[in-house]
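What follows is a short report on a single structure.
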Amino acid sequence: RHEVPGKTPDGMSADYLTEEGQQRASERGGEITEKNVAGYASPKLRAQETVDLGLQEVDAGVRVINGQLEALKGTGAEGRTDSQRPENAFRIKTKKELGVAENFKRIMEDAKAWATDQIDSGSKRSTYDLVVQFYLDNEELCQERGVTTPNESARQTAYRAAREIRMTDHFLEDSDVRLINVSHGPKLEPFLKQVLIDSAGKKGFESLEEIGGALNPGERFELKVDIDNQGEKTIKLLLRGEEYDIDMDKVSGLADEYEESLEKE
Numbered sequence: 281r282h283e284v285p286g287k288t289p290d291g292m293s294a295d296y297l298t299e300e301g302q303q304r305a306s307e308r309g310g311e312i313t314e315k316n317v318a319g320y321a322s323p324k325l326r327a328q329e330t331v332d333l334g335l336q337e338v339d340a341g342v343r344v345i346n347g348q349l350e351a352l353k354g355t356g357a358e359g360r361t362d363s364q365r366p367e368n369a370f371r372i373k374t375k376k377e378l379g380v381a382e383n384f385k386r387i388m389e390d391a392k393a394w395a396t397d398q399i400d401s402g403s404k405r406s407t408y409d410l411v412v413q414f415y416l417d418n419e420e421l422c423q424e425r426g427v428t429t430p431n432e433s434a435r436q437t438a439y440r441a442a443r444e445i446r447m448t449d450h451f452l453e454d455s456d457v458r459l460i461n462v463s464h465g466p467k468l469e470p471f472l473k474q475v476l477i478d479s480a481g482k483k484g485f486e487s488l489e490e491i492g493g494a495l496n497p498g499e500r501f502e503l504k505v506d507i508d509n510q511g512e513k514t515i516k517l518l519l520r521g522e523e524y525d526i527d528m529d530k531v532s533g534l535a536d537e538y539e540e541s542l543e544k545e
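So the sequence shown is residues 281 to 545, counted in the numbering used here.
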């Protein structure tokens with residue numbers, strides 16, 4: 281998820297990072313230890329900014345695969361037709377499937393009202409966590425109001441995950457690569473709900489409390505892909521210090537559904 285954004289008057293995320301968000305994005309870049317790193321983002325500027333600031337702060341020994349944007353800056357830059365944030369130092373490839381849950385504010389009032397009722401009834405969960413829970417639990421309401429549904433969010437995230445995992449087929453032996461994809465809340469939780477498998481073999485979850493709540497700004501899950509000498513892959517999902525198995529059949533199925541929806545557009 282992108283780092284801490286500003287806020288619009290109606291309480292939604294503004295398309296820039298706060299100073300705190302910028303600082304945290306830069307700090308996370310310094311934590312990257314892989315030999316190579318590439319970054320992708322939602323078309324939204326706050327997501328691009330999260331990636332770009334991180335890439336600017338990686339250690340000198342880390343190779344940034346994203347090309348630099350120097351050639352595109354200066355004269356004529358304002359006439360560019362791509363979606364690059366003008367202040368980016370690196371070209372950040374933007375991916376539609378990493379974009380926001382469209383029209384989320386159409387359910388925000390109901391979600392906040394439900395969250396308030398839960399808190400008034402004794403819930404210790406945060407308002408944001410409860411808002412995301414409301415989203416997960418209301419597929420039909422989202423569909424009725426033209427909001428990207430939880431299932432659609434899961435399919436979009438699965439499509440991106442499946443493509444990144446397939447990309448490892450082309451890695452050379454001993455490759456050490458981190459691929460960063462920056463998206464939005466609440467796009468990630470619907471995916472996790474459908475694909476993670478805990479240590480007891482339980483698939484998914486009903487309440488976000490089972491995974492420690494909704495993801496905060498800048499929080500992430502990781503897909504760790506190890507490939508043995510025979511080319512066999514072991515894939516684990518890392519989240520908040522816990523290691524989960526991942527239902528790759530479900531990931532592939534969701535990704536295929538999203539691809540089919542693209543063909544119908």
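From the three backbone atoms N, C-alpha and C, an ideal C-beta is built for every residue, glycine too. Fair warning: this is a prediction, and the values are worked out from it, not measured in the lab.
**Asked** Would DSSP call S463 helix, strand or coil?
**Response** Here S463 sits in coil by DSSP.
**Prompt:** P293 lies in the beta strand (DSSP E); which residues open and close that run?
**Reply:** Going by the sequence as given, residue 293 is Ser instead of Pro. Segment S293 to L297, the beta strand (DSSP E) holding S293.
**Request:** Quick one: which unbroken beta strand (DSSP E) runs of 3-plus residues sit fully inside the segment 512-538? Chain order, please.
**Result:** 513-519 and 522-526
**Prompt:** Helix, strand or coil: which one does DSSP assign to K287?
**Reply:** strand
**Prompt:** Taking the Cβ atom as the reference point for each residue, do H282 and V380 lie within a distance shorter than 7 Å?
**Reply:** no
**Message:** Using C-beta distances below 7 Å, list every residue in its chain close to G426, excluding the 5 sequence neighbours before and after it, in chain order.
**Reply:** N383 and R386
**Message:** Comparing C-alpha positions only, which one of A305, E419 and P470 sits nearest to V338?
**Reply:** A305
**Item:** DSSP state of T374 mapped onto helix, strand, coil
**Value:** strand
**the segment 422-442 in contact with the segment 529-538 per 3-pair CB rule at 8 Å** = yes
**Prompt:** What number of angstroms, rounded off, separates the C-alpha of A480 from the C-alpha of E489?
**Reply:** 17 Å
**Request:** Please name the residue in A318, L335 and A391 whose C-alpha comes closest to that of Q303.
**Result:** By alpha-carbon distance to Q303, the top candidate from A318, L335 and A391 is L335.
**Asked** Helix, strand or coil: which one does DSSP assign to T355?
**Response** Model confidence at T355 stands at a pLDDT of 46, short of 50, so the residue's coordinates are unreliable; what they give is reported in the following sentence. Looking at T355 - three-state DSSP - the assignment turns out to be coil, as it is neither helix nor strand.
**Message:** On the criterion of 16 or more Cβ atoms from any shown chain inside 10 Å, does E523 qualify as buried, or is it exposed?
**Reply:** Taking a 10 Å sphere around the C-beta of E523, we find fewer than 16 other C-beta atoms and assign the residue as exposed.
**Prompt:** Starting from D508 and walking both ways along the beta strand (DSSP E), at which residues does that stretch end?
**Reply:** Here D508 belongs to no beta strand (DSSP E), and DSSP marks it neither H nor E.
**Asked** Is the Cβ-Cβ distance between K315 and D456 less than 7 Å?
**Response** yes
**Request:** Pick out whichever of L519, D295 and T313 has its Cα sitting closest to the Cα of Q328.
**Result:** D295
**Prompt:** DSSP state of E490, grouped into three classes?
**Reply:** Under the three-state reduction of DSSP output, E490 falls in the helix class.
**Asked** What are the boundary residues of the alpha helix (DSSP H) that includes V475?
**Response** L468 to V475
**Asked** Can you find at least 3 beta carbon pairs, one from the segment 511-525 and one from the segment 468-479, that sit closer than 8 Å?
**Response** yes
**Asked** Based on Cα-Cα distance, which residue from A494, D527, Y320 and I507 lies nearest to I372?
**Response** Y320
**Request:** With DSSP as the reference, label K483 as helix, strand or coil.
**Result:** strand
**Item:** Same chain, Cβ closer than 7 Å to T355, neighbours up to 5 away in sequence not counted
**Value:** Because T355 sits at a pLDDT of 46, beneath the cut-off of 50, its placement in the model cannot be relied upon, and the point is left open.
**Prompt:** From I526, I445, H450 and F451, pick the residue whose C-alpha is nearest to that of G484; which is it?
**Reply:** I526
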